[in-house]
Amino acid sequence: MKQINIIEIILLVFLISGCSLTIGTKYPEKKSSTAKKNTATSQAIVQTKGVWHTVKKGENLYRISLYYEVPQQEIKKANKIETENIVVGQKLFIPNTTKKSPIFALTPDTMDKPYTEEVKTTENITPDTKILKNIEFIWPVEGKIICDYGQLGNKGIDILAQASSKVKAARSGKIVYTGITAKYGETIIIEHDNEMFSVYGHDLIIKVKQGQSVKTGAIIGEMKNSGKGRKYLHFEIRYKDQPVNPFNYLQKD
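My numbering numbers the first residue of the sequence shown as 79 and each following residue consecutively.
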């Protein structure tokens, strides 16, 4: 398989991978089945970018606004609601964001402590075996795992990190892609030896250029520092065009 085809496939799967669904360039036109109060919202739809958020127990509009870094007034306007009263199960459209809907409830505890659960593999994930021996990657950034490999179809891992943290090349290689992807915003893809690739995206500021060669540990980007929401790096390791379990290759220390 030629390199360009591998890169195209990697970029394509960003549209369907990850822990949750991201709406592309406009509101869906179907009605919400949660409650009658959401019907008017769906009918009054205009084209914009955003995501759907289902209200969980213990959440309030303030913390939802804080997580997505979108003012409460914009959320209320987009959903045609006049008060801050929301109910469990209610679907809210969060405009002007590409941030993925969290798998945990946005409560005081979880805003500071990420939710984790047992990793569950899916049919779309490469078997949890190490394909190549003696191949090792370093961690691209320090932080806590908030979405694991295989969890809800995730093709990599999501690492909660401090704002402005430096993002490092997990292994020596050549930068074969820098740019914007629909799923993860600013994205970097590095081609390594043995037909392996690493992918970096989401809350990322790119600090390298396509075609540049980098050594293991070289600074390739940094975490964004704007807004008050949680910042995380989406990281993948791929063999050819297939995702593999990063934990089989990342250093244990």
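For every residue, glycine included, the Cβ atom is placed at its ideal position computed from N, Cα and C.
Remember, it's a predicted structure, so these values are computed and weren't measured experimentally.
Any idea if residue i is buried or exposed, counting beta-carbon neighbours within 10 angstroms, 16 or more meaning buried?
i: L337; result: An answer regarding residue 337 cannot be provided, because it is not within the stretch 79 to 331 covered by the chain.
i: I181; result: buried
i: E196; result: Because E196 carries a pLDDT of 37, less than 50, the predicted location of this residue cannot be relied on, and the following value inherits that uncertainty. Looking at its Cβ environment, which holds fewer than 16 other Cβ atoms inside 10 Å, E196 is exposed.
i: I142; result: buried
i: V129; result: buried
i: S304; result: exposed
i: T175; result: buried
i: E314; result: buried
i: P218; result: buried
Residue i lies in the beta strand (DSSP E); which residues open and close that run?
i: S276; result: 274-280
i: K169; result: 169-173
i: Y140; result: Per DSSP, Y140 belongs to no beta strand (DSSP E); it is in the alpha helix (DSSP H), 139-146.
i: E214; result: No beta strand (DSSP E) holds E214; DSSP gives it neither H nor E.
i: L311; result: 309-317
i: G299; result: 297-301
Quick one: is residue i near chain D, going by C-beta distance under 8 Å?
i: G128; result: You won't find chain D in this structure, because it holds only one protein chain.
Tell me whether residue i sits in a helix, a strand or coil according to DSSP, three-state version.
i: Q240; result: coil
i: G221; result: coil
i: P324; result: helix
i: K252; result: strand
i: G257; result: strand
i: G128; result: strand
Name the residue from the options whose alpha carbon lies nearest to the alpha carbon of residue i.
i: T294; options: I235, I284, G167, H270; result: H270
i: T259; options: W217, K177, K154; result: K177
i: R308; options: I216, H280, K246; result: H280
i: E152; options: V133, I172, G234, G228; result: I172
i: L328; options: L139, G234, N138; result: G234
i: F325; options: I237, G167, G136, V245; result: I237
i: K244; options: I283, V277, I267, K135; result: I283
i: N323; options: S242, Y140, E214; result: E214
Could you give the residue range of the alpha helix (DSSP H) that holds residue i?
i: E269; result: First-last for E269: 263-269, but that is the beta strand (DSSP E), not the alpha helix (DSSP H).
i: E152; result: 150-156
Exercise. Touch check for the stretch 218-226 and the stretch 256-267: three-plus C-beta pairs under 8 Å?
Worked result: no
(request) Spell out a yes or no on whether the stretch 252-261 and the stretch 283-290 are touching, meaning 3 or more CB-CB pairs, one atom from each, closer than 8 Å. (result) yes
task = Indicate whether the contact test is met: 3 or more Cβ pairs, each with one atom in the stretch 293-305 and one in the stretch 317-329, closer than 8 Å.
result = no
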